[in-house]
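2 protein chains.
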Amino acid sequence: MTTGLERGAGSSAPRSEDVARLAGVSRKTVSRVLNNEPYVSDESRRRVLAAAEELGYRLNHAARALASGRTRSIGVVALATAGYGTASLLVGIEQAVRDAGYALRVVNTPDGDPQSIAGALESLLEQGVDGIVVSVPIVEGDVPLGVDVPVLFVGAPPAFTAARTLTVGVGAHELARAATEHLLDLGHSTVHHLAGPRRWYATKDRIEGWRAALAARGAHEPPVLNGDWSAASGYAAGLGLASDRLVTAVFAAGDEMAIGLIHGLRESGRRVPEDVSVVGFDGNPVFAYVTPPLTTVRQPFEAASSEGIRLLLHAIEKPDTELPPANDPPVELIVRGSTAPPPSL
Amino acid sequence: MTTGLERGAGSSAPRSEDVARLAGVSRKTVSRVLNNEPYVSDESRRRVLAAAEELGYRLNHAARALASGRTRSIGVVALATAGYGTASLLVGIEQAVRDAGYALRVVNTPDGDPQSIAGALESLLEQGVDGIVVSVPIVEGDVPLGVDVPVLFVGAPPAFTAARTLTVGVGAHELARAATEHLLDLGHSTVHHLAGPRRWYATKDRIEGWRAALAARGAHEPPVLNGDWSAASGYAAGLGLASDRLVTAVFAAGDEMAIGLIHGLRESGRRVPEDVSVVGFDGNPVFAYVTPPLTTVRQPFEAASSEGIRLLLHAIEKPDTELPPANDPPVELIVRGSTAPPPSL
DNA sequence: ATGAAAGCGCTAACAA
DNA sequence: TTGTTAGCGCTTTCAT
């Protein structure tokens, strides 16, 4: 009415102005309603909502981002391996992010190299995200980059400097310790450890938990074996360990390595759990149905992601406030059939 | 220099205007360089790039999206279950999308219900994506929604109407057929089938492949069993099947169900593969290390995603052109230890 | 409680 | 080959 322009012949998508006109209010009032801002009469709110509904109005996020400087989206740097752990974490993050009304941008990296991480971060920063989650068990090295949004590291300590860094653990240390103690409690004189790749932080964390459990009982600490998280690497380790009769208990840093390990052991004539006990790490439910069912510790992926996102959003939305305290995730040991007392007992 | 404004005390992020000024060209020329458009002298290009580098310039994607109407991002609707298949597909999609210079937005749905799908699509549409991938093995029902960007369905037929729908298969029919034929070739008189949930498209596809193989050999078609993809549901099915001595071969529609099935069978006193042969579906490498190692068919996730994204990008960038032909992914049967000739032979 | 005007940083259409 | 002029659709002041 007021402007000389008329809506084209039923073509392009409705804008907030169309909603405003239909509701008989200003564009700003529409904006207020859509953003749940105060100082809008119930009447106005109702009419705006009705008009939006009627028009099939869809807010343009790009325009909002440009005008407000915030995108209401958070980016995640994930590992391009389809493992149970990685995938569970991503699902948990997505859910927590969406529950908070944010959108998710994902970039994968083939590995945790500082170089790849830097590339992933750069791409996220360009897209414009309000915060970043680095769920990659980053390897050592520095990522030289001007990151001006809060960054959450899950399951690893901050690997580079950003405006604001946060951390949320998955309790790896405690879980590794619990796994090792379970074996020790069964009567094994010591526990061997099949770890992940050397440079990964996740590897170190678990090694330390295992080591702490051993030390607390005064048990001898055998040399660490390194796999690459795959079942194949666990299998190779199993073949190697089988000939050593002193090995009666092994804690593997991943379920899949544990499965491979058991296979290698059995193929070499060692029974599991009669001769050798094995504990895994992750908690993939499918391994309750293999023979023998795998004893393992469950990583609290959902808890860690919702807790982490909570912290991240706090840092985004109330930058100057104290961070809410981090709740430690529960330690969960799942005892199944792959562990038993040592043969001599 | 020319304008009265001076850069603030080293604060806000550089814009294209800053780059233009430093390079001594116009903003539009900067834009041309950044978008790899023609009609820019090498000299200008070089200087723009140098200036951008020097300033640490980062293109604002929100502004670009607003001005151009395109976001250079594609959205994916994925299933919120951290299975091997889902995760592999997502990794493949992410890679293909990034290789093409697009960004990825992910929304999960707890299930394949039309309702959930509609919500996921709506959220993607609001964020502004140039195309959408529905990687959910969608269930029946209609999704009433105005989707005006191309939509790619992977592993399922179009489940709702959009401006432009595309499909890329994962060869499920052929894979199911190959799995069934393998069992028949071994000498089994017929093959039972443990399928997924009834309403899923992925379930039907596999049932049809299985049925086709049976029909081609004139084999009797036993009633279909339905699980929910989980190992637990496979286990339950195994317990039920064990008492029927006529069952000597089972094709399970998922690796995890197969693992549960084998466990249920063995627990009931049926040996695998001596008494009953089992074939899985997916190709998760870890199951090469369980006892017995699982015979399975491998879903070509990487091939399907790169092929699918290729089609989708074509539809986005050259809407009026003929679609390039779809390459059929290869069928891959992996024979391991869970299959053998039937006991009587 | 509401509205008017002025941009956010970029690309599109046109002109030179 | 390059630059100029207008917006893209929203949120921000700052009035009212």
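Sequences listed follow chains A and B, in order.
Counted the way my numbering counts, the first sequence spans residues 1 to 345.
Counted the way my numbering counts, the second sequence spans residues 1001 to 1345.
Glycine included, each C-beta is placed from N, C-alpha and C at the ideal position.
| Within 8 angstroms (strictly less), CB to CB, does T321 of chain A reach chain B? | no
| task | Please report the Cβ distance between T86 of chain A and A96 of chain A, rounded to the nearest whole angstrom; I am assuming they are in contact, meaning their Cβ atoms lie under 8 angstroms. | result | At roughly 16 angstroms, the Cβ-Cβ gap does not stay under 8 angstroms, so T86 of chain A and A96 of chain A are not in contact.
| query | Going along chain B, which residues have a C-beta under 7 angstroms from R58 of chain A? | reply | L1125, E1126
| message | Beta-carbon within less than 6 angstroms of A1249 of chain B's beta-carbon, same chain only, minus the 5 sequence neighbours each way: which residues are those? | response | L1183, H1188, V1191, S1277
| field | Cβ neighbour criterion (16 or more within 10 Å) applied to K204 of chain A | value | buried
| request: Output the distance between the C-alpha atoms of D113 of chain A and E122 of chain A, rounded to the nearest integer angstrom. | output: 14 angstroms
| Within the 8 angstroms Cβ cut-off, does A118 of chain A reach chain B? | no
| request: State yes or no: is the C-beta of E208 of chain A within less than 8 angstroms of the C-beta of H173 of chain A? | output: yes
| field | Contact list for P285 of chain A against chain B, beta-carbon separation under 9 angstroms | value | S1230, A1231, A1232, E1256
| query | Quick one: what's got a C-beta closer than 6 angstroms to V1030 of chain B's C-beta in the same chain, skipping five residues either side? | reply | S1016, V1019, A1020, V1048
| said: Please tell me whether G308 of chain A and L294 of chain A are closer than 8 angstroms, where the distance is taken between their beta carbons. | reply: no
| task | Taking only beta-carbon positions, decide if G1146 of chain B is within less than 8 angstroms of chain A. | result | yes
| request: Quick one: list the residues of chain B neighbouring V151 of chain A, beta-carbon separation under 7 angstroms, in chain order. | output: Under the 7 angstroms cutoff, chain B gives no residues; its nearest Cβ is about 16 angstroms from V151 of chain A.
| task | Take the Cβ of D1185 of chain B as the centre, count every other Cβ of all protein chains shown within 10 Å, and call the residue buried at 16 or more, exposed below. | result | exposed
| Residues that G1260 of chain B contacts on chain A, provided the C-beta gap is smaller than 8 angstroms | V286, Y289
| said: Is there a C-beta anywhere in chain B that falls below 8 angstroms from the one on Y235 of chain A? | reply: yes
| Integer Cβ distance of G218 of chain A from M257 of chain A, believed to fall under 8 angstroms | Rounded, the Cβ-Cβ distance is 27 angstroms, inconsistent with contact.
| query | Apart from the five residues on each side of it in sequence, which residues of its chain come closer than 7 angstroms, Cβ to Cβ, to A163 of chain A? | reply | V147, D148, V149, P150
| Contact with chain A by Q1095 of chain B, beta-carbon distance below 8 angstroms | yes
| For a contact meaning CB atoms closer than 8 angstroms, what does R1266 of chain B contact in chain A? | T291
| Is it a yes or a no for the stretch 88–106 of chain A touching the stretch 300–314 of chain A, going by three-plus beta-carbon pairs under 8 angstroms? | yes
| query | Closer than 7 angstroms, Cβ to any Cβ of chain B: which residues of the stretch 67–79 of chain A, in chain order? | reply | T71
| message | Suppose you measure from the CA of V133 of chain A to the CA of L152 of chain A; what does that come to, to the nearest Å? | response | 5 angstroms
| query | If we count the other Cβ atoms within 10 Å of its Cβ and call it buried at 16 or more, is V1247 of chain B buried or exposed? | reply | buried
| query | Is there a Cβ from chain B that is less than 8 angstroms from the Cβ of V91 of chain A? | reply | yes
| Is the distance from the Cβ of E253 of chain A to the Cβ of A195 of chain A below 8 angstroms? | One detail in the question is off: residue 253 of chain A reads as Ala in this sequence, not Glu. Yes, these two residues count as a Cβ contact at 8 angstroms.
| How do the stretch 230–242 of chain A and the stretch 257–266 of chain A stand: do at least 3 beta-carbon pairs fall below 8 angstroms, yes or no? | yes
| Interface partners of R298 of chain A on chain B, CB under 9 angstroms | Going along chain B, no residue has its Cβ under 9 angstroms from R298 of chain A, so there is no contact; the nearest lies around 13 angstroms.
| message | Just to make sure I have the definition right: I need the residues of chain A whose C-beta is within less than 7 angstroms of the C-beta of L1241 of chain B. Which are they? | response | Within 7 angstroms Cβ-Cβ: nothing; L1241 of chain B doesn't reach chain A, min ~15 angstroms.
| Residue-chain proximity (V106 of chain A, chain B), Cβ-Cβ < 8 angstroms | yes
| query | Secondary structure at T109 of chain A, three-state DSSP: helix, strand or coil? | reply | strand
| query | For T71 of chain A, does the count of other Cβ atoms within 10 angstroms reach 16, so buried, or fall short, so exposed? | reply | buried
| said: Can you list, in chain order, the residues of its chain with a C-beta nearer than 8 angstroms to that of V1025 of chain B? Leave out the 5 residues immediately preceding and following it. | reply: S1044, R1047, V1048
| query | Among A:A62, A:T109, A:L125, A:L59, which has the Cα closest to the Cα of A1357 of chain B? | reply | The requested residue 1357 of chain B does not occur in the structure, where chain B is confined to residues 1001 to 1345.
| message | According to DSSP, is G308 of chain A part of a helix, a strand, or is it coil? | response | helix
| query | Smallest Cα separation from D1275 of chain B: which of B:L1241, B:V1290, B:N1035? | reply | B:L1241
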